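Have a look at the structure below, then the notes.
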Amino acid sequence: MQSQSYHALSSADSQLANSQLIVDCSGASPNLLYWGAKLSDTTTADMLKALNIRQEAPSCCAEEAPISLSPMHGTGFLGQSGFRGHRAGLYKAPDCRIETVSQVNPQQLLIVTQDRANNIRFTHRLAMDPHSGIVQATTEVTNTADTELTLDRCDAPSLKVPSTLNQLISFEGCWAGEFQMQRNNRPTGIYSRENICGRTSHHNFPGLIITDQSSTETSGEAYGLHLGWSGNHRISTEILGDGRGTVQMGELLLPGEIILPAGGSYLSPTLYAGYSNTGFNGLSQQFHRYYRSAMRSQRTDNKPRPVHYNSWEAVYFDHQPAQLMQLAEEAASLGAERFILDDGWFRQRHDDSTGLGDWVVDSAVYPQGLHPLIEHCESLGMEFGLWIEPEMVNPDSELFRAHPDWVLGAESNQAILARNQLVLNLSLPDVQSYLLNSIQTLLTDHRISYLKWDMNRDIHQPMDHHGKAMVHQQTHSLYSLLAKIRQQFPALEIESCASGGGRVDLGILQFTDRVWVSDNNDALDRLAIQKGFSMFFPADIMGTHVGARKGHITGRTIDINTRAGVALFGHMGVEADLMALDRAERSCLQSAIVLHKRYRPLIHSGDLYRLDTPDYAHSFGIVAANKSQALFSYTLLTRHNSTLPQPIRLAGLEPDMMYTINTEWPSDCDPILPQQSRISGAALMNQGIQMPLLKPQMLVIFSLQKTTRDN
Ligand code: GLA
């Protein structure tokens, strides 16, 4: 396939990663010739090119403008351009020509193009992870003139996605209701979602799945695209008037946010993209494998993810050391391995109106500091973790009184409070060093293995005092602060939280190890939230806590078996007043944590298979890479209209392998099959397995173990 003109990136051959992307560099600009299932050895790029030839259409240019990696108006392209900029009001619509193409290996491609008249250079980097097939793509623009270039847009490379795939799945949501999947027709024209929250956002997760009506969890074609960026973004798909389809994602730049001086460059956030012809499961497995093999740090690679206890919903701001000590004892006796002291521990923090910014322990509440609590946790065999929200300040704080000019917001605008707080301008060197010092002091003075790093408001005033738009800079300053902390405290683990799941993306995940998916611990709401989350992210980073009997967000009472059975499929934790547990709940929670620990290696490394179920049920399983073991969960959401529920067809098993099935949860549940039954993977996947009669909102968890004839 390789020639000077065509450059192919391919995954290693495997059932999971089986895609190929070919860039055509034979013309003036680089464009995607093909992206999809791996082609045969007999296929040549010339064949594909021949198949792409289109007639001259009435009322159109004789030669259609290409969809280059950065489609440009300067080439006559009439769709959305990948670049927009100007020099002092003069529109610079580049028409870039290829200068160099370097393919260092079958997985990496670097293409430099230049518009010599307009003095703009582009560098497109594309890479395909061989193990997962995930493509990583960035665009860098360089101002080669001696005058300033103002950028209005510079997207990551534009990827062609066939317009025959006429459906799109987007991710909407709100606080306590993140990652809600919406399946819609992919319109002719532009479908675009813009996020200007200043953080990844609860409302507009930067990801899209492009597919068609026939695709399901287990079959069909799907392209998944995600922008790894924690600031403002714009994600879009377009079906042009001429029928061609693209997907484009990039940073949403505010007016004047990026002005490149002579020689200056701007690098787009990374676009991560995958192609599957084995349904949505194939797509998520690719993203999960990519995260695990290319991004997850060694810190968490070699260590089982400890079961958390988090103090928030037990005590909120009402910190009393004696009570926290007692909670720690209870948590340890349930099997927790790390105790996280949430909001409320620092000076004057009695509610959310004061104290943010003053990162010193409140001596009025903790006269001996945090040491006694930390030592107590350690004596109980637990690590200690602490909540902080470094990017924020309450006006009622020592920090703000001393430095009112450290916050974002133009002098000409009245400050807007959200949760009684303002946002610090992280790009100010004084702010960076204040935060770095405060965090360093906390971490050197205490044995803290974990920070829950929160960010509890949108950035409504995204500019500095002079009015300069700052989200781009703010996001990079955050990344750099995190990077410095990581470098100085290499064993420290960090959780990304933003009022729950407001900052979950592969940008922040380069610096963090776990995400708090949602403040909503209601197990049934969590099933939908975690399903959306699982499209791109794996279970090992998904914070899932068993909440109170009566959910604090929904007020719904849910059985402890269901609460525990949902939470045990992530990075498990407990977040409830443990003193309020009754005996049955206590022992149930204990057994759930034992079960979680038994299957933790599988849950945190296996392949996720969501199952296609009728609307009244929710089911998925985690299957070991070698198929010898699996753990499935089935929840009955509402009553069914038939006397018994439909059987569910399992997925991901080895057809020829024989399995025994063990009903694991609830611990007193009758076996769903006689214990000694040995059943082939093929039978379980094609005929399916009858689920027991359950009351709505109850679940059953069962394991599969490979068996041979002799055992
Ligand atoms: C946010 C987080 C919660 C908790 C509170 C503390 O809302 O999402 O988990 O930490 O802040 O103020």
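Plus 155 on top of the position in the sequence shown (first one is 1) and you've got our numbering. Cβ atoms here follow ideal geometry from the backbone N, Cα and C, with glycine treated the same way. On a predicted model such as this, the values are computed, not experimentally measured, just so you know.
Proximity test, residue i beta-carbon vs the ligand GLA heavy atom, cut-off 7 Å
i, result
"C352", "no"
"C652", "yes"
"D896", "What the structure shows of the chain is the stretch from 156 to 866, and residue 896 is not part of that stretch, so it cannot be assessed."
"G655", "yes"
"N781", "no"
"N611", "yes"
"W542", "yes"
"W467", "yes"
"W608", "no"
"W671", "yes"
"D301", "no"
"D517", "no"
"D498", "yes"
"R551", "For clarity, residue 551 is Asp in the given sequence; the question names Arg instead. Incorrect: D551 has no Cβ contact closer than 7 Å to the ligand GLA."
Proximity of residue i and residue j at Cβ, strictly below 8 Å
i, j, result
"L854", "S788", "yes"
"Y430", "Y378", "yes"
"T268", "C251", "yes"
"R658", "T355", "yes"
"A486", "L733", "yes"
"D677", "I713", "yes"
"I351", "V316", "no"
"L176", "L187", "yes"
"T790", "T717", "yes"
"L119", "P424", "Not covered by the structure: residue 119. The range shown for the chain is 156 to 866."
"H357", "G386", "no"
"K686", "R804", "no"
"G418", "N298", "yes"
"Y427", "F692", "no"
"S318", "I394", "yes"
"G400", "T392", "yes"
"A703", "E484", "no"
Residue i versus residue j: straight-line alpha-carbon distance, rounded
i, j, result
"N866", "Q784", "Bear in mind that a pLDDT of 49 at N866, under 50, signals an unreliable position, so the model cannot answer this."
"H621", "E566", "7 Å"
"V178", "Y161", "6 Å"
"K705", "I696", "26 Å"
"R669", "A646", "14 Å"
"I856", "F435", "22 Å"
"S374", "L206", "26 Å"
"T255", "Y421", "19 Å"
"M283", "S166", "7 Å"
"E303", "R239", "14 Å"
"M156", "V729", "Per-residue confidence for M156 stands at a pLDDT of 45, beneath the threshold of 50, marking its modelled position as unreliable; no derived number is given."
"L637", "H228", "38 Å"
"L415", "Q569", "30 Å"
"T371", "F775", "13 Å"
"K623", "E412", "7 Å"
"T197", "A163", "14 Å"
"I222", "F232", "7 Å"
"P249", "G182", "16 Å"
"A292", "F442", "15 Å"
Opening and closing residue of the beta strand (DSSP E) in which residue i lies
i, result
"Y771", "First-last for Y771: undefined, no H or E at that position."
"H463", "H463 to N465"
"Q569", "Taken as a continuous stretch (DSSP letters only), Q569 belongs to no beta strand (DSSP E), as it is neither H nor E."
"L606", "Y605 to W608"
"L264", "Q263 to D270"
"S165", "Y161 to S165"
"A694", "Looking at the DSSP string, A694 is not in any beta strand (DSSP E), and its letter there is neither H nor E."
beta-carbon residue i near the ligand MG non-hydrogen atom, thresh 7 Å
i, result
"D732", "Among the ligands present in this structure, namely the ligand GLA, the ligand MG is not found."
Of the listed residues the options, nearest to residue i (C-alpha basis)
i, options, result
"E546", "V578, H526, A487 and P645", "V578"
"R308", "K315, T294 and T302", "T294"
"Y605", "C652, Q616 and L583", "C652"
"F539", "L426, R574, L479 and A469", "L479"
"E809", "A838, E376, D168 and H795", "A838"
"N260", "N273, Q629, N274 and P285", "P285"
"V701", "A683, R711, G710 and G720", "G720"
"L792", "I663, D609, L679 and Q587", "L679"
"S452", "I663, L407 and L281", "I663"
Unbroken alpha helix (DSSP H) run spanning residue i, endpoints
i, result
"G524", "No alpha helix (DSSP H) holds G524; DSSP gives it neither H nor E."
"K752", "R738 to I758"
"S632", "V626 to Q643"
"F435", "G434 to Y445"
"Y471", "No alpha helix (DSSP H) contains Y471, which DSSP labels as neither H nor E."
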